[in-house]
Amino acid sequence: MFIINCPFCGERDQSEFKAGGEAHIERPKQPTELNDEEWAEYLFMRKNIKGIQFERWNHAHGCRKWFNMLRDTSNDEIKLIYKMGEKSPIE
Amino acid sequence: MLNYQSSIKEEKTYSGLIVKEVVPVMKLNLRGKNREFLSTIGKNINMTLPLEANTSSSSDNYTSMWLSPDEWMIISNYTADKENNNYQIEKLLFSKISKTNLGAVTDVSDQFVMINLKGEKIFDLLSTGCPFNFNEFKKKNGAVTQTLLLQIDVIIHLKEINTVNLFVRRSFSEHLMSWIDDAASRL
Amino acid sequence: MPKNLRVKSSNFIDETTRVSFKFNGKNYHGFKGDTLASALLANGIHLVGRSFKYHRPRGIMTAGSEEPNAIVQVGNDKAITEPNVRATEVEIYNGLEATSQNCWPSVNFDIGGINNLLSPFLPAGFYYKTFMWPASFWEKYEYLIRHSAGLGKSPTKPDTDIYDHKYVHCDVLVIGGGISGIMAAKTAAQNNLKTLLLDEKTEIGGTTIYQNSDNFKIENKVSSEWLTNEISSLKKLDNLEIKTRTSVAAYHGYNFLLARENLTDHLSASEKKNKVRQRLLKIRAMKVIVATGSLERPLIFNNNDRPGIMLSSAVKKYVDYYGVICGEKNVFFTNNDSAYESAISLSKKGIKVNAIVDIREKSESLIIKEAENLDIKIYWSHTVVDTHGYKKLKQISIMKLSEDAQSVIGSRINVDCDCLGVAGGWTPAVHLFTQSGGKLKFRDVDQVFVPNKYPSKQISIGSCDGDFELDKIIKNSSSSLKDFLEIDKTDYENLSVVNSKEANKKNIWLLPSDKVIGKTKPFVDYQNDATAKDIKLALREGFRSIEHVKRYTTTGMGTDQGKLGNMHALGIIADTTGVKMGELGTTTFRPPYTPLTFGTIVGRNVGEYFDIFRRTPMNDWHIENKAKFENVGQWKRAWYYPQNNESMHEAVQRESLAARASAGILDASTLGKIDIQGSDTSEFLNRVYTNAWSKLEIGKCRYGLMLNEDGMVYDDGVTTRISENHYIMTTTTGGAANVMGKLEDYLQTEWPELDVYLTSVTDHFATASVCGSNSKKILNKLIPDLNLSDENFPHMSFKEAQIGKIKCRVMRISFTGELSYEINVQANYGKSLWEQCMEAGKEFNITPYGTETMHLLRAEKGFIIVGQDTDGTMTPIDLQMDWIVSKKKYDFIGKRSLYRSDTMREDRKHLVGLATDDPKEVLEEGAQIVSELNQSPVQMLGHVTSSYFSPNLNKSIALAVVRGGKSMLGKKLFIPMESRTINVTVTDSVFLDKENERLNA
Amino acid sequence: MKNKYSIFSLIKNAFSYHENWQKAWKDPAPKKEYDAVIVGGGGHGLATAYYLAKKHNMINIAVVEKNWIGGGNTGRNTTIIRSNYLWDASAGLYDHALKIWEGLSQELNYNIMFSQRGVMNLAHNLQDVRDLKRRTHANRLNGIDAYYLSTEEVKKFCPIINTSSNIRYPVLGGTLQKRAGTARHDAVAWGYARGADEMGVDIIQNCEVKGIKRNGDEVEGLETTKGFIKTKKIGVVAAGHSSVLANMAGLRLPLESKPLQALVSEPVKPIIDTVVMSNAVHAYVSQSDKGELVIGAGTDDYISYSQKGSHQIVEGTLNAILELYPIFSRMRMLRQWGGIVDICPDASPILSKTSIKGLYFNCGWGTGGFKATPGSGDLFAHTIANDEPHKLNAAFNLNRFVSGDLVDEHGAAAVAH
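Protein chains in written order, with this note's numbering: chain P, 30 to 120; chain F, -6 to 180; chain V, 13 to 1013; chain H, 14 to 430.
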């Protein structure tokens, strides 16, 4: 069980949170402009990185805010947490 | 004429703990972001909404709890009238906030049941079903947290040392009370 | 009764309190403080159980939780009997009943013992190589294998004990109450850190607490005395909590640990009553100090498993702590100094020590001098080559080791003994450390794995960190604590310490014998009967990795998880394959450290607390009126209301007729309700629903369909525009939470520019839905001042109203096709609202109906239920609901997916109605539909999603999804059941009142 | 020729103290070049190699394994084998596998202990009942043995289940597939390895793939920790690590890798003689021949390669176990562990060619891959050998995520487990 430092509520037990998968996959502004392959990329295709990954998490049982997390999926170490909308500090 | 029936019938006493529902209590959910929203609220209920996370503020009539950067819950400090659920303050804030698109005001008086816990065993009880770290919380008058108790979403407000108001959605309240009754019997 | 095996010198056994217990049906007694093991030994009993595979007689090997052999069944009550309990961990109490396991008819005469004779034919993995012919016989072979395997017996009745949980948050957690753990806890607490000290034993103090020898002194006191003082000062510290009988089971990331607190297992039945048996502590610690000590290693030699062969440290604990003598003719077999401690303890108490067999050439330490002075015969550079005695050790054979220690020379010397204490050195208990993700390094000097890299805020101190000698333990623990706790001093710097042992050890993983290995039985895993030759066989067959060898030979897979033998297994692999131990690595230690009852893990999450029940404000009324309930998600919903002794069918038929004929009432409080405000609300709804919302008038309601991004129907419900920028959305009962979460997600992450606020008000409102031709009259009685005329209050519109001074919201919407009103009031008035509707409706025979009738009524109208008529693979087009999908809107959730090659196919499954040839025939929901009967494999076109007998139409009706159904109106199809085929015709999905006249009846 | 395993060879070898058993498989160094290389030495990968050699006569091939064979999900799963899937495509795939299971011990001359003790799926609410009936009808028409059981019949088939009607999740019914059951997971990997090795397949352990070398749209070979291996055909069967391999080739897959946990109790005498699955409460239990209760838990909701899951998952599973089997309260958890499962959005696998010539992927089995091992290997071998799918795995192509033609097993309640 991780301890997650919610950018709004502070450190809380993992059970208060929901994981939202890979971060920075923006919903296409004009889906109708995309062909089926491009739409499938958005819908289904994922990097699923082993190592440092950008993720979305939601403090579902607290303030209900979504935020971004930088986490090493190989050992579950949380490197960094930053608010939605903030640009990812590392590329 | 409609009769009032709260979800938790009787008050319960255990070693070092008293548990009862307080009714009726007006509860309003406030949403808003900008400064004008905050000042309008401030003017109309003459108290300022707490901006610091996990805290509350109160005036003679109301207590307001921080729920998220753009969400608060205001409750009436006194019990309301069972024959009448038209709250002046709701009407007022709705017209000043919702109508003017400064934010949102929603009546949640019965969305939540307010369970009052008194006694030195409060946190022994909570820690049997809640992952939250109360070590600092229990020393801090007015502290507020949203967390899970028995996998149920709750809002916990430390009214004063050894007095806690526990807010839980009404449909969960009977189940939670039954669990509290079970756990408290072993304190 | 054997002669007295008690020595009168134990401070830990209360010889004034006799405790009587049963073992294998025979009565014995011990004293308060005894474990089952010590009490049995005191009664001269060594033979306790039989091994897993060969059913060899086995005795008590250790004095702790690492015990592989002495495991018993405790209790014979079907509800609370417990299998596989370690005799070394059971504290005896009056009335304790224990029996040997895995033997029949008795532990003394076990038919299974035959396996021992067959053992040459049962090497590691033999079952992979046989039992294959004839193929059909495997079932029979397996039956036999299963019944000879297994150890104890599972209870067969529900547990009568209760278990509980507790979350604990502390600054410092200290695991292990031995000398270093006590130093750590005291130091932490003194520096006002909230500290928790856990120990699995009955008392803290570890092995030092019974170390009463001048060979080990601290500040000129024997170490036990010094530690006793430390403990009493420790107990005075107020921000320290000590929990004994508490074993840490798991050490997860982020310093999250699980510990089992054992509260009543040591109590008699009467004392146990109504007490929590075990409590699971869920611990979060800022810092963790691991002081779990070390486990003594056995030595691996031929027939090293006989009852009477024990760990040297166990022999010492039994005599020094429990005051019990394990044998009258004692011999020790060692590769290091620690056996001498035990030997001296015994002989100081006047107990004969026949010899010490030491594989080393010589050792000069003080403690050995003392042993020599006590004229104990020491055989230097000798090894045990065989042991004798089937159910109890009688004699051992020893021989001289060759120069290179690879073989034995000279001739056998036989030494009589009934107890052989083996001392193979010490293995740090690094299990928890590695569980937490810690990395080990191998220390060649004494062949041990020690902690290397810490993954979290933790340290290991004492012998689990590889310090085995008293002086080192104190010195290193003290300095580690200073760094770790960031303090400038401890009480333990420069203490004067006397330690007469030396850390010189000669490590031989597999000791040579005068027989070829094939003829020997050197056990590495005692419980699973895995021998050194099994390991060598596995290697010979190409199993190289330690995990392979472990799985092929089952070494380390017993209930002791190989705490004794794993290191030797590694050593033998390393020696045989010529790989360095360090490079070989260890097998992974998996939680729990010691087995954990399911009950403890589950705690109070049993029975009614297994999962949440949500109840509506009207719930009490439903119960009072004998409703049958249906579980819908977490909700308890009224299913139907049987009268007298109606069957479900009868009740539902009655309810359905009444609802249409006159009036019915449904508790719709469980529907999700979301209050939506903000200047962009209309735009928001446009994006989340498939249809358009901007033009919805204030005070009007509209049905909406919500999709996933992949175009499949996700949820549906009616949304009402209360004022310009204020809507209330309803969702399905089951979908409420998910819809709320999904909408918040889009608002926060995709459309932050929208000014929209969502607030759940599901629980704030109680909802009574009154339907039927008389519903208007009933509502009129209930709310006289509300103008119900069709002009003022038409279908799909909304009004605010008051019942007395209680505000309420009324929607004229219908899920039944009848004229129908949905009244929403604040939840605490819900039951009263319901009762008053019943009162007002009495003259119209208003009939309460449940979910089953609701499903039937809506099916008559062809309205879908998301989750029953859809399964996550249906688009709105598939449902023939094209009308609700806006062609004009630029975008909405899921729109793009509707235009993929597959979702646009014409022959997708479509929602249609089915009529059975026989109008009385009610189809089975889930039944499959075909158009051709005699093709194989038969082509399934779809299935029946909803099916009822409609009392209003007096015939059966069904909804189904059928491939290409759109173009099949009137087509004959078949439903092949097990025994017969049912003929059906495809129809429109609306069966009743296509013209919707009843809405304004 | 390897010596044949039998009771006679056991007895014969006993007299030489088992000193003369041959290696089950060799430990060769990689050659410079192979006709095909399978990446991943789990059950599926080894089976693929076995069938490539056996049925497609491709002898000059290798299996490269990062650690030791069978050490991934093959050695970590709860060994449930069944084929009672809802959709035709799934039913075809899994029943193909089940048919091979039925003769596998004899074919491999290695006892994989396939035990057809039956698998029961329980229904706990009215929708479960509809879904299970729907599945049973579909199974029957697809020629798969499946029966719907009443609550009483459930109780009769597995008496220790708590079927009282007033518990939180009452048992309203269930389905039974009698041909279904369990097998000894390690033995499956070892048996296929021994079989493949005998036909000349190189099984190369401790050989990690570091890169996939491409020449335009074709594969050229593999960069490994044991050097470069030239090959024109690469079959990736890396389960949880599939995305890692895909990224090496510049591909993205519709996969998420998540922790899946399982646990065993201490061994006891036989107490449950079948396999019982309950998707609604997430409880899957059977008893190993050794006597351990083998219990499968659910997946966590976050991506992880750490082979550790969160405690709440294990707790939740045991809650459910005690709800259905209150007699197990005093049984003790002996071992708990985690695996990494690669999950597709539709909970169905991928057995497919890719946009890169000579690169094939077999992945996305999620929590249910073990049961498919022989069929998956057979069909993947076919796909690699012929550079086109067999009709039984045609539906499990990568393009379905573009066209929308998903095989949605969890949408249709029949959770793959």
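The beta carbon of each residue, even a glycine, is placed where N, CA and C say it ideally should be.
From a predicted model like this one, the values you see are computed outputs, not experimental measurements.
Contact belief for residue i with residue j at Cβ below 8 Å, rounded distance in angstroms
i, j, result
"Gly71/V", "Val60/V", "6 Å"
"Asn342/V", "Asn366/V", "6 Å"
"Ala49/V", "Ala82/V", "6 Å"
"Lys533/V", "Pro69/V", "The Cβ separation is near 13 Å, so there is no contact."
"Gly377/H", "Asp355/H", "6 Å"
Under 9 Å between C-beta atoms of residue i and residue j
i, j, result
"Ala261/V", "Leu270/V", "yes"
"Tyr701/V", "Thr731/V", "yes"
"Asp211/V", "Gln290/V", "no"
"Tyr653/V", "Ala639/V", "yes"
"Val768/V", "Thr693/V", "yes"
"Val327/H", "Leu273/H", "no"
"Ala939/V", "Met980/V", "no"
"Lys92/F", "Ser706/V", "no"
"Val302/V", "Gly190/V", "no"
"Ser63/V", "Tyr538/V", "yes"
"Cys182/V", "Glu273/V", "no"
"Val12/F", "Glu4/F", "yes"
"Val249/H", "Val52/H", "yes"
"Arg143/H", "Thr543/V", "no"
Range of the contiguous beta strand (DSSP E) that encloses residue i
i, result
"Ile83/V", "83 to 86"
"Gly379/H", "No beta strand (DSSP E) holds Gly379/H; DSSP gives it neither H nor E."
"Arg30/V", "26 to 35"
"Pro308/V", "One detail in the question is off: residue 308/V reads as Glu in this sequence, not Pro. Its beta strand (DSSP E) spans residues 306 to 308."
Boundaries of the alpha helix (DSSP H) in which residue i is found, first to last residue
i, result
"Asn152/H", "139 to 154"
"Arg163/F", "163 to 177"
What residues from the stretch 162 to 188 of chain H come within 9 Å of chain V, judged by C-beta to C-beta, listed N to C?
Ile173, Asn175, Ile180, Arg181, Tyr182, Pro183
Which ranges would you report for the beta strand (DSSP E) in the stretch 371 to 430 of chain V if only whole runs of at least 3 residues count?
Within the stretch 371 to 430 of chain V, the runs of beta strand (DSSP E) that reach at least 3 residues and sit entirely inside it are, in chain order, 390 to 392, 394 to 400, 407 to 413, 420 to 428.
Could you name the residues of the stretch 126 to 145 of chain V whose beta carbon sits closer than 8 Å to any beta carbon of chain H, in the order they occur along the chain?
Answer in chain order: Pro132, Phe133, Pro135, Phe138, Tyr139, Tyr140, Lys141, Thr142, Phe143, Met144, Trp145.
At 3 residues or longer, what runs of the beta strand (DSSP E) sit wholly inside the stretch 60 to 102 of chain V?
83 to 86, 94 to 98
Below 9 Å between beta carbons is the criterion; list the residues of the stretch 81 to 95 of chain P that meet it against any residue of chain V, in chain order.
Arg85, Asn87, Ala89, Arg93, Lys94, Trp95
Within the stretch 626 to 660 of chain V, ranges of the alpha helix (DSSP H) (whole runs, at least 4 residues)
631 to 636
Could you please tell me which residues of the stretch 315 to 334 of chain H, in chain order, have their CB closer than 9 Å to any CB of chain P?
Tyr315, Ile316, Ser317, Tyr318, Ser319, Lys321, Ser323, His324, Gln325
Could you pull out every unbroken alpha helix (DSSP H) segment of at least 4 residues lying fully inside the stretch 738 to 790 of chain V, listed in chain order?
748 to 757
Give the list of continuous alpha helix (DSSP H) stretches no shorter than 4 residues that lie fully inside the stretch 464 to 544 of chain V.
482 to 497
Quick one, which residues of the stretch 100 to 111 of chain P are near chain H if we go by CB-CB under 7 Å, in chain order?
Thr102, Ser103, Asn104, Asp105
Residues in the stretch 261 to 281 of chain V having any Cβ partner in chain P nearer than 9 Å
Result list: His264, Gly265, Tyr266, Asn267, Phe268.
Got a sec: which bits of the stretch 280 to 305 of chain H sit with their beta carbon under 7 Å from any beta carbon on chain V, in order along the chain?
Listed in chain order, the positions of the stretch 280 to 305 of chain H with a beta carbon within less than 7 Å of a beta carbon of chain V are Pro280, Val281, Lys282, Pro283, Ile284, Asp302, Lys303, Gly304.
Length-filtered (3 minimum) beta strand (DSSP E) runs lying within the stretch 255 to 322 of chain H:
269 to 278, 288 to 291, 296 to 300, 306 to 312
Between the stretch 721 to 754 of chain V and chain F, which residues of the former have CB atoms less than 9 Å from a CB of the latter, in chain order?
Ser735, Glu736, Asn737, His738
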